[in-house]
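Presented below is the structure to which this report refers.
In the working numbering, the protein residues as written are 2 to 256.
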């Protein structure tokens, strides 16, 4: 807490729980951070300009010793929130929907984690086919999903169910019909960087094994700028993309 005070005391600091916060049923996290809503900061949403942002907990899928109640509550809350965000007047005012969660649905790290060698429980949900988030996010037209956990940076092509949905060959991030996944999880990590498997998956666009952090600028209703900054390379920008969308929404928007 002391280490983040210099930033968190003066800059809006929106949190998202990860596996290191799970002790005592996330009680330390719940008591120290006060985010919008009445869910003890485990999941919540807020608006910034033309964007609706959602923070949620991937950890409810992994620490089932506390029961499945949190999984069900969060899923139901997410669906209600996404339904509200997709009302025509709401989506017209804030077309961008951006989510952030800790453990990614997809990754290509060589660390025996669930998203490389095993099916992601966050993506598919609990057996049999309960509370999976990929179908939910695709249905309601989430534009961008931000992840951490893997101590590296990986940018994916627009993706749904392992299939790439680029806007076009020349401009993959212009009007893609599926969410864009960004994994940026090396900031603040003192353990080590996570290496990648030798051959990238067909849905992986770029991989960087540096300590660093991401910066995002929601420019307007159609343009979003995202870049990855490397601390190992003295602040060099090692990746940058424009995400451009004239149409926002679920599968029906692209028919």
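Backbone N, C-alpha and C define an ideal beta-carbon position, used for all residues, glycine too.
On the criterion of 16 or more Cβ atoms from any shown chain inside 10 Å, does residue 243 qualify as buried, or is it exposed?
One-based indexing of the chain shown puts residue 243 at position 242. Answer is exposed; the Cβ neighbour count stays below 16.
Which same chain residues end up closer than 7 Å to residue 222 when comparing Cβ atoms and leaving out the 5 residues on each side of it in sequence?
Counting from 1 along the chain shown, the entry for residue 222 is found at position 221. Cβ neighbours of residue 222 beyond the five flanking positions: 51, 96.
Among 123, 217, 138, 194, which one has its Cα closest to the Cα of residue 60?
The residue given as residue 60 occupies position 59 in the chain shown. Minimum Cα distance to residue 60 is reached at 123.
Starting from residue 229, follow the beta strand (DSSP E) in both directions and report where the run begins and ends.
As a working mapping, residue 229 is identified with position 228 in the chain shown. Start and end: 224 to 231.
From residue 125 to residue 119, what does the alpha carbon distance come to, in whole angstroms?
Sequence index remark: in the chain shown, residue 125 carries index 124 (1-based). Sequence index remark: in the chain shown, residue 119 carries index 118 (1-based). The alpha-carbon atoms of residue 125 and residue 119 are separated by roughly 11 Å.
Is DSSP giving residue 155 helix, strand or coil here?
As a working note, residue 155 is residue 154 in the chain shown. Looking at residue 155 - three-state DSSP - the assignment turns out to be strand.
Per-residue DSSP class, three states only, for residue 47
Numbered from its first residue, the chain shown carries residue 47 at position 46. Assigned with DSSP and collapsed to three states, residue 47 falls in strand.
Taking its Cβ as the centre, do 16 or more other Cβ atoms sit within 10 Å of residue 216, making it buried, or is it exposed?
Indexing the chain shown from 1 puts residue 216 at position 215. Residue 216 is exposed by the Cβ-count criterion.
Tell me whether residue 111 is buried or exposed, calling it buried when 16 or more other Cβ atoms sit within 10 Å of its Cβ.
For the purposes of this step, residue 111 is taken as the residue at position 110 of the chain shown. With fewer than 16 other Cβ atoms within 10 Å, it is exposed.
Quick check on residue 20: does DSSP put it in helix, strand or coil?
One-based indexing of the chain shown puts residue 20 at position 19. Residue 20: helix per DSSP, three-state reduction.
With 16 other Cβ atoms within 10 Å as the buried cut-off, status of residue 106
If you number the chain shown from 1, residue 106 lands on position 105. Classification of residue 106: buried, given that the 10 Å Cβ count is 16 or more.
Count Cβ pairs between the segment 39 to 56 and the segment 74 to 90 that sit closer than 8 Å; are there 3 or more?
Under the Cβ criterion (8 Å, minimum of three pairs), the segment 39 to 56 counts as touching the segment 74 to 90.
Curious, which full-length alpha helix (DSSP H) runs of at least 4 residues does the segment 33 to 90 contain?
Listed in chain order, they are 70 to 86.
Among 184, 102, 163, the one whose alpha carbon lies nearest that of residue 18
To locate residue 18, count along the chain shown from 1; it is residue 17. With distances taken between Cα atoms, residue 18 lies closest to 102.
Residue 249 burial status per 10 Å Cβ neighbour count (16 or more: buried):
Residue mapping note: residue 249 aligns to position 248 of the chain shown, counting from 1. Residue 249 comes out buried.
Between the CA atoms of residue 229 and residue 169 - distance to the nearest angstrom
In the chain shown, the residue the question calls residue 169 occupies position 168. In the chain shown, the residue the question calls residue 229 occupies position 228. The straight-line gap from Cα to Cα measures roughly 23 Å.
What are the partner residues of residue 137, as DSSP defines its beta bridges?
Here the question's residue 137 lines up with position 136 in the chain shown. In DSSP, residue 137 forms no bridge with anything.
Name, in chain order, the residues that DSSP records as bridge partners for residue 97.
Working through the chain shown from its first residue, we reach residue 97 at position 96. The partner list for residue 97 (beta bridge, DSSP) reads 52.
With distances taken between CB atoms, is the gap from residue 195 to residue 151 smaller than 8 Å?
Locating residue 195 in the chain shown gives position 194, counting from the first residue. Locating residue 151 in the chain shown gives position 150, counting from the first residue. In this structure, residue 151 lies closer than 8 Å to residue 195 by Cβ.
Strand pairing of residue 213, partner residues [DSSP]:
For the purposes of this step, residue 213 is taken as residue 212 along the chain shown, with counting starting at 1. Note: residue 213 sits in a beta bridge opposite 231.
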